[in-house]
Amino acid sequence: MKRDKIKLKSILINLFTTVLVIVEVYPIFWMVTASLKQPAEFVNKPAYALNDGFYIKNYIDAWTRGNMATFFKNSLINTLAALIFIVFFSVTVGFAVTKMDWKYKDKVAKYFGIGIMVPIATALIPLFQIYNKLNLINTRTSLILAYIAFGLSLSIYLITGFLRSLPDEILEAAVVDGCGIYKLMWNVVVPLMKNAIVTVLVLQFFFKWNDLLFSMTFINDTKLKTIQTGLLYFQDEFGSKNWGAIFASVSMSVIPMLILYMILNKAVIEGMTAGAVKG
Amino acid sequence: MKRVLGNKKAIALFVIPALILYTVIVILPVIWSVYYSLYEGSPGLKWEFAGLDNYKRLFKDKNFIAALVVNLKYIAIVMAGQVGLGLGLALFFRFWLKNFKNIIRTLVFFPVVLPTVAVGQLFVKIYEIQPNYGLLNSILSNIGLQKLVQPWIGQASTALGALSAMDIWVAMGFYSVIFYGALLDIPGEIIEAAKIDGCNAVNLFKSILAPLLRPIIITCLVFSFTGTVKMFESALALTKGGPGNATKSLSMYMYNVSFSYGKVGYGSVIAVFIFLLCIAGSGIINRFDKKN
Amino acid sequence: MKKRILSILLITTMIAVMLTGCGGKKTEPSTGETNSGTDTTTDIAADTTDTNAAAGDDKQIAKKIKILSIWAEDKDNGKLITDLTKRYISDVNPNFEYEFELVSADNLKQKIATLVASDDLPDVFVYESGKPIVDLIEADKLLDVGKALEDLGVADMLDEGAVSLLKTLSGTDELYDLPLGMNVEGFWYNKALFEQADVEIPTTWEDFEAACAKLQAAGIQPLTAGGADKWPVTRLINAYVMRSMGVDAMQKAADGEAKYTDAGYVAAAAKIQDLASKGYFGEGVTTVDQNTAGNMLLSGEAAMFYNGSWFTEALTADTNPAGADGIGFFNIPVVDEAKGTITEYSMNCGNILALDKSKYDEGTAGWLKYMVENIGNEAMTQFGAVKGYKYDVAGELSTYSQIVADELAKVSKASTWFEAAMNSETSTVAQDNVQTLINGDATPQEYMQSIQDAYDGSLE
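Residue numbers (my numbering), protein chains in the order written: chain A, 337 to 615; chain B, 3 to 294; chain C, 804 to 1263.
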């Protein structure tokens, strides 16, 4: 009796797992097959049909017409530059508002918190004018600055959450041992926050890599455009869509994410699970 | 101790660069928007001082109310879905799943990394009905549920649900991983002890896990809320706000008003409203935290 | 805004005259000698050579312009513009430089709005004709292109019909934009499916509805439309309006002489809703984009498809499964012969090209002159397309380009599209809500009322 129950349970678990995996993975598998279909296949064949052949022209179109190589490079540069600063600032600010001793630290923490609520679209027109006055339109700097500034709030929020749960004794011990503030920061705090930092990195990477609004608004030069704007290359004047090329470029834009994710996967999941968010 | 942690120079160095950048690029534009909201028209084109007229117009505007309703519904559905399913998955990972744990957790997290534009384009095809059934409709039709085959994103009754399902699909893995981490932090002994005391699964969750998870649930709710209140890109990519206004959010309406109608002033009022809504909502959620 | 006094009637008569000229030229067989054409064309050709030589000789002003386009550099009008600009640089002015920027059509207005706000419009940009450019004209941002071309001595390179249409759309006596197309609209049909169901080309709306019913009975989806893109559906309402109330009906409502809720407009909306509720468009028409709809026609999954003559690009492609002669065209069927006849067409100039006033100088002028002189021929050679400029190219047209040429030759009067005279607020409402109309979620009365409300509200 009991054994039957356990058996049933394990069947149910396996069934659920299978369904879960299919729900998560199949759409992406489908997208890759779709990127290899000829235009006519989208119309004549059912959606679930596999690609007839390997219609590589979609990829060639996406790569050559869509300047994907340039876009990749740009996205990578902007994202990485922004990430370095985000991590640096969020750790320093986070530490200053939680562990350090000064009058306005709670107010400053709250002030940074406001940013989580600011809808990007609100800032678009004013920001454009600020950039214009500073002569920053059409530069990588404009994007990187916006990425950093809009990435700070959430990152600081995450870091402070983590730091609050960090016992003060560790810091005290280090200070007693004669650590100055910068050494304390670099040798004690940063290593302890490895998981939180990975979390911030990963989250912000996805946000910045996915940015569309900023790069659409601030960048005019094709040589400086990012990958998301590239995905818009396949829309024509009268609403026609080249689905094969769209999915080819989407697949290409996803692949680096996939690779990065595969490499970092363990650190990411660990970082996220090992109590990065301790509210 | 005090001397080291009270080092004024270090504090200044740590805080001021970020503070300046953040103020100029995030806060200044918000204030600027408030200032814009007192004007009529579009800067550079007709641009006249209008005082509070834009604010008066807000609640008489049927389209604004419609967008607000859509947005609130979306927040409710997606927040519940993302956080609820995330928690459910985490419990599943922690207590039931035995094999391939890592691979499965990895796969579930995966949609988070996809670009929004890409996900939108993908789901347009999944929900398709004409000229061919998309993935969903062909499955329904093949398992004998022909009756359920319908234009999922083409009718007001299902479009918002379809959009929400997509956004839940994207983000539930993210939340499940956060919850899973929190569950791992709960010492196994507590759970074992409860089980020995004859606690069933429901009671175990209610009396042991839920209180311990409370802070993390609240954090996740705030995340989800601030994300959903800005509803824009995914709706744009999937339905463009249609059919009709069935999936048109506040941000989309604001975007239309500002950029298509050329009423940046009135658009700024809506932007300010979204901002206030965001603050109010997060405040309410955080209330639950403080009661404890 | 200046009230529009010009009657479309007058203008369109001019279009007709012009187009007849164009069409006539094009239909000449290409036996080699015919490209001598008429006197005017010879003149134009000679003229072009002259100016090229002249420009090459003296001023080669160093200048860099920014071009904003919604077409990529290797597509459609984007290719046309860049090819000509490159040729201008190599043949005429090596000191000229250009920067090409692409923006998606959906973001064009937002992009221009931000650029205007910071007083930084590109030298040359693609924009939408009609109401959107009126705002820019009123803010004194746009170059009076008509006058500039007059000064350059090339004003006569523009097709007069296109000029009138553009002036009407902006409601001005001067010309502030350049055309990038000259299109007629109507129904494209799949000949094989018509034969299969034994259906004739309908000439009246009754015939049209009967044809739909007959096709449906034969198991063929009668119609397809890009409901996801919204405008293809409002075009259908427009089609019925212009046939039942005359070509100027939409203009009247926009001028306040009629209300959008008047019986005629509501009846038109009801007609289209009726087609949808009978299932003629298939299921979920609001999820189909215009490209997919076009493919359905070509691959024989639907029999009729309303679209403009730009559709020839898809028709002439090698990938067209219907082949070089599988698709035909008929104009909107007649509802009431007294109100609208079969020689009246719905027409437009596509997206247009405008120039920033403050950035225009002699350097840009050289380029502008070259463009206007050569764009007509270039478009005809490269794409077999009429862009609203005079051209002088002989050669065999594809069946489909020939169809368009023939239709253009028949035009007696023209109507613009449904939203042409509406401001962007009204137009957005008209497009968004048409999805609820066609889904049956809103009644025709409610639909037209929502447009009237937006119209009244935006006047406040």
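Glycine residues also receive a C-beta, built at the ideal position from the N, C-alpha and C atoms.
7 Å CB neighbourhood of residue i in its chain, flanking five on each side removed
i	result
residue 157 (chain B)	245
residue 423 (chain A)	533, 536 and 537
residue 1118 (chain C)	1130 and 1203
residue 540 (chain A)	419, 422, 487 and 491
Helix, strand or coil at residue i [DSSP, three-state]
i	result
residue 390 (chain A)	coil
residue 946 (chain C)	coil
residue 963 (chain C)	helix
residue 1063 (chain C)	coil
residue 1216 (chain C)	strand
residue 598 (chain A)	helix
residue 1157 (chain C)	strand
residue 384 (chain A)	coil
residue 1136 (chain C)	coil
residue 1225 (chain C)	coil
residue 356 (chain A)	helix
residue 834 (chain C)	Caution applies to residue 834 (chain C), whose pLDDT of 35 falls short of 50 and renders its modelled position unreliable; the value that the coordinates give is listed next. Residue 834 (chain C) falls in the coil class under three-state DSSP.
residue 555 (chain A)	coil
residue 90 (chain B)	helix
residue 982 (chain C)	strand
residue 1150 (chain C)	strand
residue 102 (chain B)	coil
residue 477 (chain A)	helix
residue 929 (chain C)	strand
residue 1107 (chain C)	strand
residue 578 (chain A)	coil
residue 1203 (chain C)	helix
residue 1023 (chain C)	coil
residue 988 (chain C)	strand
residue 993 (chain C)	strand
residue 1163 (chain C)	coil
Residues near residue i by beta carbon distance below 6 Å, same chain, minus five either side
i	result
residue 1111 (chain C)	986 and 988
residue 1014 (chain C)	1002 and 1005
Nonlocal neighbours in the same chain, by C-beta distance under 8 Å from residue i, ignoring five residues either side
i	result
residue 1092 (chain C)	1029, 1031 and 1032
Residue i CB to nearest heavy atom of the ligand MG below 7 Å
i	result
residue 1147 (chain C)	No copy of the ligand MG occurs in the structure displayed, which carries no ligand at all.
- What are the uninterrupted segments assigned as alpha helix (DSSP H) that are 4 or more residues long and contained completely in the stretch 223–282 of chain B, given in chain order? Complete alpha helix (DSSP H) runs here, min 4: 235–240 and 252–257.
- Item | At least three beta-carbon pairs within less than 8 Å, the stretch 206–225 of chain B to the stretch 63–77 of chain B | Output reads no: the stretch 63–77 of chain B does not touch the stretch 206–225 of chain B.
- Any residues in the stretch 1216–1247 of chain C with a beta carbon nearer than 7 Å to a beta carbon of chain B? Which ones, in chain order? Listed by position along the chain: 1227, 1228, 1231, 1235, 1236, 1238, 1239, 1242 and 1244.
- Message: Please list, in chain order, the residues of the stretch 242–275 of chain B that have any C-beta partner in chain C closer than 9 Å.
- Response: Those would be 242, 243, 244, 245, 246, 247, 248, 250, 257, 258, 259, 260, 261, 262, 263, 264, 265 and 266, in chain order.
- Item | Near-chain A residues of the stretch 108–123 of chain B - C-beta to any C-beta below 8 Å | Going along the stretch 108–123 of chain B in chain order, one finds 108, 109, 110, 111, 112, 113, 114, 115, 116, 117, 118, 119, 120 and 123 with a Cβ nearer than 8 Å to chain A.
- Task: Would you mind listing the beta strand (DSSP E) stretches within the stretch 855–907 of chain C that are 3+ residues and don't spill past its ends, in chain order?
- Result: Fully enclosed beta strand (DSSP E) runs of 3 or longer: 866–872 and 899–905.
- Taking only beta carbons into account, state which residues of the stretch 898–921 of chain C come closer than 9 Å to chain A, listed in chain order. The stretch 898–921 of chain C vs chain A, Cβ under 9 Å: 902, 903, 904, 905, 906, 907, 908, 909, 910, 913, 914, 916, 917, 918, 920 and 921.
- Query: Listed in chain order, which residues of the stretch 458–490 of chain A have Cβ atoms closer than 8 Å to some Cβ of chain C?
  - Reply: Per Cβ criterion, the list reads 460, 461, 464, 465, 468 and 473.
- For the stretch 541–552 of chain A, which residues have a CB atom closer than 8 Å to at least one CB atom of chain C, in sequence order? Listed by position, the residues of the stretch 541–552 of chain A near chain C (Cβ gap below 8 Å) are 552.
- Message: Count Cβ pairs between the stretch 1193–1203 of chain C and the stretch 1119–1127 of chain C that sit closer than 8 Å; are there 3 or more?
- Response: When Cβ pairs closer than 8 Å are counted between the two stretches, the stretch 1193–1203 of chain C is seen to touch the stretch 1119–1127 of chain C, the count reaching three or more.
- Message: Whether or not the stretch 967–977 of chain C and the stretch 928–940 of chain C are in contact is what I'm after, with contact meaning three or more pairs of Cβ atoms, one per stretch, closer than 8 Å; do they touch?
- Response: Contact annotation: the stretch 928–940 of chain C touches the stretch 967–977 of chain C, with at least three C-beta pairs closer than 8 Å.
- Task: Decide yes or no for the touch test of the stretch 13–31 of chain B against the stretch 883–900 of chain C: beta carbon pairs closer than 8 Å, at least 3 of them.
- Result: With a cut-off of 8 Å on Cβ pairs, the stretch 13–31 of chain B is not in contact with the stretch 883–900 of chain C, counting fewer than three such pairs.
- Item | Contact between the stretch 38–48 of chain B and the stretch 269–280 of chain B (3+ Cβ pairs under 8 Å) | Yes, the stretch 38–48 of chain B touches the stretch 269–280 of chain B.
- If contact means a Cβ-Cβ distance below 7 Å, which residues of the stretch 930–952 of chain C contact chain B? Among the residues of the stretch 930–952 of chain C, those with a Cβ less than 7 Å away from any Cβ of chain B are 938 and 942, in the order of the chain.
- Message: Against chain B, which members of the stretch 1055–1071 of chain C pass a CB distance test of less than 7 Å?
- Response: Only those residues of the stretch 1055–1071 of chain C whose C-beta falls short of 7 Å from the nearest C-beta of chain B would be listed, and there are none.
- Task: For the stretch 1042–1052 of chain C and the stretch 1217–1224 of chain C, state whether three or more C-beta atom pairs, one from each stretch, are separated by less than 8 Å.
- Result: In the pairwise beta carbon analysis, the stretch 1042–1052 of chain C is classified as touching the stretch 1217–1224 of chain C: at least three pairs are separated by under 8 Å.
- Which residues, taken in chain order from the stretch 1088–1115 of chain C, show a beta carbon closer than 9 Å to some beta carbon of chain B? Here the close residues are 1088, 1089, 1090, 1091, 1092, 1095, 1096, 1098, 1099, 1102, 1104 and 1105.
- Residues from the stretch 29–58 of chain B in contact with chain C, defined by Cβ distance under 8 Å: Within the stretch 29–58 of chain B, the residues whose Cβ lies closer than 8 Å to some Cβ of chain C are 44, 45, 46, 47 and 48, listed in chain order.
- Taking 8 Å as the threshold, find out whether the stretch 406–416 of chain A comes into contact with the stretch 520–527 of chain A through three or more Cβ pairs. Output reads no: the stretch 520–527 of chain A does not touch the stretch 406–416 of chain A.
- Query: For the stretch 1117–1136 of chain C, which residues have a beta carbon sitting closer than 7 Å to at least one beta carbon of chain A?
  - Reply: Flagged, chain order: 1122 and 1124.
- Hey, which unbroken runs of the alpha helix (DSSP H) at 4 residues or more fall wholly within the stretch 127–172 of chain B? Qualifying alpha helix (DSSP H) stretches, in chain order: 137–144.
- Task: Give a yes or no on contact between the stretch 583–592 of chain A and the stretch 365–373 of chain A, applying the rule of three or more CB pairs nearer than 8 Å.
- Result: By the Cβ test, the stretch 583–592 of chain A is in contact with the stretch 365–373 of chain A, since at least three Cβ pairs between them sit closer than 8 Å.
- Enumerated in chain order, which unbroken segments of the beta strand (DSSP E) with a length of 3 residues or greater are wholly contained in the stretch 24–87 of chain B? DSSP runs (the beta strand (DSSP E)) wholly in the stretch 24–87 of chain B: 41–43 and 49–51.
- Message: If the cut-off is 8 Å on Cβ atoms, which residues from the stretch 124–137 of chain B count as contacting chain C, listed in chain order?
- Response: Hits within the stretch, in order: 126, 129, 130, 131, 132 and 133.
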